[in-house]
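Worksheet: one structure, shown below.
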Amino acid sequence: MINILAIAPAPPDAPTLVADLESNGLLVCCRTQCANLVREAVRHAPDLVIVWEPHPGEDLFEAVRLLEASMPVPVLVFTSDVRAETMETALAAGIDGWVVNGYAAGRLRPLIQFTVARHRQMRQMREELGDLKRRFEERKLVDRAKGILMTARQVSEDEAFRLLRSASMHAKQRIGQVSQQVIDAAHYADAINRAGRLRMLSQRIVKLYALAAMGVETAGSRALLADSGAQIDQSLQLLDRTLSRPTFGDLIDAVQHTWTQVQAHLGSAPVASRLAAVDQEAEHLLELSDRLTQALENAGLAPTLHVINVSGRQRMLAQRLAKLALLRQGGALSATEPLPVELAPTAEAFERGLTYLKDIPLSTAAIREATAAADLRWQDLLSAVRGGGTPAARVTLAAASEALLELFDRLTREYEQSMQLLMG
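In structure tokens, the structure reads:
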């Protein structure tokens, strides 16, 4: 027996609706007002809702929309409203049957059967359309993920699809879900790399400012200083464009504000008297850039993103050690003599990071080659740091720190594009 929820005023306004339904062998579980439609539908779980409303208003349409969203049920309306625009509103709200100017008791069963059949067909069509949309969106995700893998690892389209399908089977997920994970991993990997570069550039700027102020390769140092500033501007613009403003906007704005303060010191020729002020502002820039980088790693969720953060941080530590060595007042150090207290923590942090990168299983031939070269360049930088403040030692210091920067830039890109990272 069909279970019906009747929405109709009490007699004498709609005196025969319930009686006519019951005379046709239909069970009316509840008779109520429009304001209670959703509540009573949830309570009684009817097979059909029948509404008797001569002049339906927005309250009925809103109730039907809520019903459609919470528990879709066929809805049949008897009304006196003949306006075409009201009919369009009714169809858009989810009403399946719209009968104008009354009914006859003998027509109730076929009208109900039509309404139920139409509701079933419309629901099936919506499900098929939803499935088609999901498949289309999934196809777009797969194409994007294939493009990322093809670019990152120089593989063919067929090989990229095979990798996605294999990962999908292994993870017991839809290929669209795996593709989304690849897209997200690539997005956050790129963002972490760029934000990590801001950390490095905060220290490189002070190092280059110090070299120029000390007369060490002045023209080259000033050119690299200008290039570093341009890189910060470019990175901030790109991060602001590609990251979620509600999620990361405050962190990006804080970095931008501090960078503006640093820029105020860089407008004229570098001089030793302003070095301490530049360094102080750059330390604040480092702190805020690191905060942004950590937030990106945490948002990315994938544990493998940590390696990009660590590798990118090595660039900063190398520049920082070079900067601290230039700012240090003191003579040369022997090979066995420990580094001064102001230098030791940075050197120790670099060596811990290098050990971590050597030990993790995420590796390729290019990564192993780069870490081995970084080990050698690190020893060159330490030798230059121990050389004290002589002109020759400062030139070596500048060259060794730039060589390490280039190596860890390449190494971080390798990690960013690593197949193991992108495939989780």
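For the sequence shown, the UniProt record's numbering assigns the number 1 to the initial residue and increments by one for each residue that follows.
Virtual Cβ for every residue (Gly too), placed ideally from N, Cα, C.
**Study point:** Expected contact under 8 angstroms - CB spacing of residue 445 and residue 377 to nearest Å
**Key:** Residue 445 is absent from the model: the chain starts at 1 and stops at 424.
Exercise for review: Reducing DSSP to helix, strand and coil, say where residue 24 ends up.
Suggested key: If DSSP states are grouped into helix, strand and coil, residue 24 belongs with coil.
Practice item. Spell out a yes or no on whether the segment 37–55 and the segment 73–93 are touching, meaning 3 or more CB-CB pairs, one atom from each, closer than 8 angstroms. Key: The segment 73–93 and the segment 37–55 touch, with three or more beta-carbon pairs separated by less than 8 angstroms.
Practice item. Measure the CB-CB distance between residue 206 and residue 279 and report whether it falls below 8 angstroms. Key: yes
Point to revise | 8 angstroms contact criterion, which residue 259 and residue 285 should meet: CB distance rounded | key: 6 angstroms
Review point. Using DSSP with H/G/I as helix, E/B as strand and the rest coil, what is residue 7?
Key: strand
Check your understanding: Since residue 79 is in the beta strand (DSSP E), which residue starts that stretch and which ends it?
Key -> 75–79
Practice item. Over the uninterrupted beta strand (DSSP E) stretch that includes residue 196, give me the two end residues. Key: No beta strand (DSSP E) holds residue 196; the alpha helix (DSSP H) holding it covers 175–213.
Exercise for review: May I ask you to list the residues that DSSP assigns as paired with residue 31?
Suggested key: 6
Exercise for review: Pull up the distance between the alpha-carbon of residue 391 and that of residue 164, whole angstroms please.
Suggested key: One C-alpha to the other measures close to 55 angstroms.
**Study point:** Residue from 197, 314, 355 and 186 whose Cα sits closest to the Cα of residue 292
**Key:** The alpha carbon of residue 292 has as its nearest neighbour, out of 197, 314, 355 and 186, the alpha carbon of 197.
**Study point:** Contact under 8 angstroms by Cβ, residue 425 with residue 145
**Key:** Any answer about residue 425 is impossible in this case: the structure gives the chain only from 1 up to 424.
Review point. Beta strand (DSSP E) containing residue 48: first to last residue?
Key: 48–52
Check your understanding: Where does residue 96 land, buried or exposed, given buried means 16+ other C-beta within 10 angstroms?
Key -> buried
Point to revise | Proximity below 8 angstroms, CB of residue 7 to CB of residue 28 | key: no
Practice item. Identify whether residue 97 lies in helix, strand or coil by the three-state DSSP scheme. Key: strand
Review point. Do the segment 293–302 and the segment 240–254 touch if we need at least three Cβ pairs shorter than 8 angstroms?
Key: yes
Review point. Taking Cβ positions, are residue 417 and residue 153 nearer each other than 8 angstroms?
Key: yes
Exercise for review: Report the three-state DSSP secondary structure of residue 44 (helix, strand or coil).
Suggested key: helix
**Study point:** Pairwise C-alpha distance: residue 348 and residue 362
**Key:** 23 angstroms
Practice item. Could you tell me the boundaries of the alpha helix (DSSP H) in which residue 361 lies? Key: Residue 361 -> no alpha helix (DSSP H), and no H or E assigned at all.
Check your understanding: So, helix, strand or coil for residue 151, using DSSP?
Key -> helix
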